[in-house]
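Trainee: Please find one structure pasted underneath; my questions will follow.
Residue numbers (mature numbering (1 follows the signal peptide of the UniProt record, and there is no 0)): -30 to -1, 1 to 96.
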């Protein structure tokens, strides 16, 4: 094979690898329209909050206080308030954009959850 053909093939291969790696490392954008999560809320966004709180508690004291069931009950509200206090956010038990930012930031080491939660947790991340 000639040097010219080899150089051309290597160039195409390098371009393909760049596209593949770039596509894999792209981050999800948060949804600016995700609903506020609060007592009585149900669904995937609540599961994301419960997982984030559990991740935080696991790192600070080694247990998981919340069942990740997607139901925002009194236990979730209590732990959200503790999480908010630790995050420097107003501890009202409601997950709006400020708390949502902390939730997504807290899931940073839990990439599957973080990626899957962007559309369901209110935040200003984009």
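Note that the Cβ used here is the ideal one computed from N, Cα and C, for glycine as well.
For residue 80, which three-state DSSP category applies?
Mentor: Residue 80 falls in the coil class under three-state DSSP.
Trainee: Give me whichever residues DSSP pairs with residue 65 in a beta bridge.
Mentor: Answer is 7, bridged to residue 65.
Trainee: Suppose only complete runs of 4+ residues qualify. What are the alpha helix (DSSP H) ranges in the segment 14 to 63, listed by chain order?
Mentor: Taking only runs of at least 4 residues, the alpha helix (DSSP H) segments lying wholly in the segment 14 to 63 are 14 to 31 and 44 to 57.
Trainee: Which residues in the same chain as residue 63 place their Cβ atom closer than 8 Å to its Cβ, once the five residues preceding and following it in sequence are excluded?
Mentor: Cβ within range, chain order: 8, 9, 47, 48, 50, 51 and 54.
Trainee: Taking a contact to mean a Cβ-Cβ separation below 8 Å, would you say residue 40 touches residue 13 in this structure?
Mentor: Contact: yes.
Trainee: Are the beta-carbon atoms belonging to residue 6 and residue 59 less than 8 Å from one another?
Mentor: Contact flag unset, no.
Trainee: Whose C-beta lies closer than 8 Å to the C-beta of residue 35 among residues of the same chain, with five residues either side of it excluded?
Mentor: Once the five neighbours on either side are set aside, the close Cβ partners of residue 35 are 23, 24, 27, 45 and 49.
Trainee: Please classify residue 37 as buried or exposed, where buried requires at least 16 other C-beta atoms within 10 Å of its C-beta.
Mentor: Exposed, because fewer than 16 other Cβ atoms sit within 10 Å of the Cβ of residue 37.
Trainee: From residue 84 to residue 33, what does the alpha carbon distance come to, in whole angstroms?
Mentor: Rounded to the nearest angstrom, the two C-alpha atoms are 20 Å apart.
Trainee: Check the C-beta distance from residue 77 over to residue 21 and give it rounded, since I have them as a contact under 8 Å.
Mentor: That pair is a contact at about 7 Å.
Trainee: Excluding the five sequence neighbours on either side, which residues of its own chain have a C-beta within less than 6 Å of the C-beta of residue 17, listed in chain order?
Mentor: Cβ within range, chain order: 38 and 40.
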